[in-house]
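Heads up, the thing below is written out as structure tokens.
In our numbering, the protein residues as written are 1 to 623.
The following block contains the structure:
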């Protein structure tokens, strides 16, 4: 047998240390290495949104050093503060460092940045945006094209949300965007111009060039799209198309017949005159532009409008600009995510696919996107969800950056002025575009010593969460084309939350300006007197639809003003045509009693609708 090696019996020296394995380690001599010399940093690159802590690492300095530099310049910041360009340059100048701002590539961009294979490009429909001054006949023009009566349903006669429609002319499709003409909707109109191929500028022949006409032209020019001038209302005796041409010529919009390159078409939207010529002009320009897209790729496009539907959840009207969107496709829309559960055209007909230049309404998103957001479809749900999550985090960080840095100068001014007067408001509207427009209008109001602080604005009916937020922040709620139900109004009253309700945007600004000037409660022009719920409906010839109602609050009075509310959204505003108890006409019906009603010029009454009754009253608050 081979000899086995005997284990050593030598005891270890006591000069070592006992380790965790109960054995000894001998001490090793300490080797001191020389310290690395500090690297001098002379130049850095940074991106928008860099924090003070991140900049400190790039500059090889401590965060406290950078905070001191800003403090000495009258600026306050913390290690997590997001720095603007001036603050970055101030710090770098102190340490003789050259900063270069770079634009990082957005890996989560939803815009179509990939070049298309020319062999896959197919002809697409032109996207036409109709723009112009308020009440110059834009929607009526589209009505004439579509043979519909959209204009009759608009509140105050003003279009207050972007609409998207597709029509067929001589076998070829044209997509139209109807943008609001009111000055408050500048941002919405700008979005319309950004996605368009051709802009139709509607100018009333009896009114001439107006402020929003110039604004619309500026948007079309900024988008670098060809313009067609539709000189409308030619049926009016006072129509003067030559005046319109002269006024536009002064703006360097020269008619073709005067040697320019802009086509002018005289039309009467109300009578339908000139519509054929206008559409032929659009087709001619589209042919010259040779508009093409790749229907074989993933869909990309833009949100035209979005809202929260009580029964269906988030609903978005989108315009597919490239690729094809299919039923069931995972999509990322802004920072929202979802899977297309249902897709319909402007007539409410369900479709399974939507190619380039096609507007559709989609259902399936987890939240309401913003009008103007880009969208992209993805091959699988996992990738789409990951992109949406990253974009959501970026949006949250961007929101934090808005109030990250506070200067000592601003702080001292506020302290010297005493208590800052402001009116905190929450905005709820029927659609996101309206909420955005109301917010923009209120932000423009300027009254010395008073400011408006919009703490939240979104689409959807006023709910309990809004009341809680208003209560916590001491804010009033402005509802635009929405109405709270009785339970919400009671919760608001119990919490002392003020709710202001409007359907016309300039009424919002008038009321708030009044409040800002005196810090007084605004003057009401109407007072809600009651509410009723439609329990039954009856069709009666020569009369129309009769609503069998139960008065649930207050009272209904004969010939009072009525708002018909469906799922929290105002559907129609008008007056009672009749109020009956059994077969008798009555002057009023109080809470707890049933009644029969008809509404002037309106028959689309449905079971479950809520009727809000109001009377015109002048209420003045003492100073």
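All C-beta atoms in this analysis are idealised placements derived from N, C-alpha and C, irrespective of residue type, glycine included.
Where residue i falls, given that 16 or more other Cβ within 10 Å makes a residue buried
{"i": "residue 284", "result": "exposed"}
{"i": "residue 531", "result": "buried"}
{"i": "residue 461", "result": "buried"}
{"i": "residue 348", "result": "exposed"}
{"i": "residue 435", "result": "buried"}
{"i": "residue 26", "result": "Summary for residue 26: the model assigns pLDDT 46, below 50, so the residue's position carries little reliability; its value from the coordinates is reported in the next sentence. Counting Cβ neighbours within 10 Å, residue 26 comes out exposed, since fewer than 16 surround it."}
{"i": "residue 468", "result": "exposed"}
{"i": "residue 616", "result": "exposed"}
{"i": "residue 100", "result": "exposed"}
{"i": "residue 37", "result": "At residue 37, the pLDDT of 48 sits below 50, so the modelled position is not reliable; the number obtained from the coordinates is stated separately. Per the 10 Å Cβ criterion, exposed."}
{"i": "residue 231", "result": "buried"}
{"i": "residue 515", "result": "buried"}
{"i": "residue 299", "result": "buried"}
{"i": "residue 626", "result": "In the structure displayed, the chain extends from 1 to 623; residue 626 sits before or after that span and is not available."}
{"i": "residue 369", "result": "buried"}
{"i": "residue 165", "result": "buried"}
{"i": "residue 133", "result": "buried"}
{"i": "residue 147", "result": "exposed"}
{"i": "residue 117", "result": "exposed"}
{"i": "residue 33", "result": "Bear in mind that a pLDDT of 48 at residue 33, under 50, signals an unreliable position, so the model cannot answer this."}
{"i": "residue 337", "result": "buried"}
{"i": "residue 83", "result": "buried"}
{"i": "residue 382", "result": "exposed"}
Inter-residue CB distance, residue i and residue j (contact presumed, cutoff 8 Å)
{"i": "residue 564", "j": "residue 571", "result": "5 Å"}
{"i": "residue 206", "j": "residue 249", "result": "Incorrect: roughly 19 Å between the Cβ atoms, too far for contact."}
{"i": "residue 630", "j": "residue 335", "result": "Because the chain here runs from 1 to 623, residue 630 falls outside it and cannot be looked at."}
{"i": "residue 432", "j": "residue 306", "result": "5 Å"}
{"i": "residue 659", "j": "residue 127", "result": "This structure leaves residue 659 out entirely; the chain is present only between 1 and 623."}
{"i": "residue 600", "j": "residue 577", "result": "4 Å"}
{"i": "residue 270", "j": "residue 139", "result": "Between residue 139 and residue 270 the Cβ distance is about 12 Å, and since that is not below 8 Å, they are no contact."}
{"i": "residue 587", "j": "residue 558", "result": "5 Å"}
{"i": "residue 547", "j": "residue 605", "result": "4 Å"}
{"i": "residue 204", "j": "residue 131", "result": "No, residue 204 and residue 131 are not in contact; Cβ-Cβ is about 13 Å, not under 8 Å."}
{"i": "residue 480", "j": "residue 427", "result": "7 Å"}
{"i": "residue 429", "j": "residue 470", "result": "Wrong, their Cβ atoms sit about 16 Å apart, outside the cutoff."}
{"i": "residue 355", "j": "residue 324", "result": "5 Å"}
{"i": "residue 137", "j": "residue 233", "result": "6 Å"}
{"i": "residue 225", "j": "residue 197", "result": "6 Å"}
{"i": "residue 243", "j": "residue 208", "result": "6 Å"}
{"i": "residue 79", "j": "residue 59", "result": "With 8 Å as the limit, residue 79 and residue 59 do not qualify as a contact, their Cβ atoms being about 13 Å apart."}
{"i": "residue 169", "j": "residue 279", "result": "5 Å"}
Where the alpha helix (DSSP H) through residue i begins and ends
{"i": "residue 443", "result": "432 to 444"}
{"i": "residue 144", "result": "138 to 146"}
{"i": "residue 469", "result": "464 to 473"}
{"i": "residue 247", "result": "241 to 249"}
{"i": "residue 487", "result": "486 to 495"}
Within 8 Å, strictly: CB atoms of residue i and residue j
{"i": "residue 228", "j": "residue 281", "result": "yes"}
{"i": "residue 352", "j": "residue 374", "result": "no"}
{"i": "residue 556", "j": "residue 610", "result": "no"}
{"i": "residue 478", "j": "residue 500", "result": "yes"}
{"i": "residue 581", "j": "residue 560", "result": "no"}
{"i": "residue 53", "j": "residue 310", "result": "no"}
{"i": "residue 98", "j": "residue 63", "result": "no"}
{"i": "residue 512", "j": "residue 535", "result": "no"}
{"i": "residue 452", "j": "residue 423", "result": "yes"}
{"i": "residue 593", "j": "residue 526", "result": "no"}
{"i": "residue 302", "j": "residue 321", "result": "yes"}
{"i": "residue 177", "j": "residue 213", "result": "no"}
{"i": "residue 81", "j": "residue 47", "result": "no"}
{"i": "residue 574", "j": "residue 538", "result": "no"}
{"i": "residue 441", "j": "residue 505", "result": "yes"}
{"i": "residue 319", "j": "residue 167", "result": "no"}
N- and C-terminal bounds of the beta strand (DSSP E) containing residue i
{"i": "residue 339", "result": "336 to 344"}
{"i": "residue 330", "result": "330 to 333"}
{"i": "residue 172", "result": "172 to 178"}
{"i": "residue 227", "result": "227 to 232"}
{"i": "residue 215", "result": "Here residue 215 belongs to no beta strand (DSSP E); instead the alpha helix (DSSP H) covers 211 to 222."}
{"i": "residue 361", "result": "358 to 365"}
{"i": "residue 252", "result": "From DSSP, residue 252 is part of no beta strand (DSSP E); its letter is neither H nor E."}
{"i": "residue 451", "result": "450 to 459"}
{"i": "residue 132", "result": "127 to 132"}
{"i": "residue 51", "result": "Per DSSP, residue 51 belongs to no beta strand (DSSP E) and is neither H nor E."}
Neighbour flag for residue i against chain D, beta carbons, 8 Å
{"i": "residue 384", "result": "Looking at the structure shown, chain D is missing, and only one protein chain is on hand."}
Beta strand (DSSP E) segments (min. 3 residues) lying fully within the segment 543 to 621 = 544 to 557, 561 to 566, 569 to 581, 588 to 590, 594 to 599 and 610 to 619
key: Any alpha helix (DSSP H) of 4 or more consecutive residues that is wholly inside the segment 58 to 121   = 63 to 72 and 85 to 94
3 or more residues per run - each beta strand (DSSP E) lying fully within the segment 257 to 327 = You should have 263 to 266, 300 to 309 and 313 to 322.
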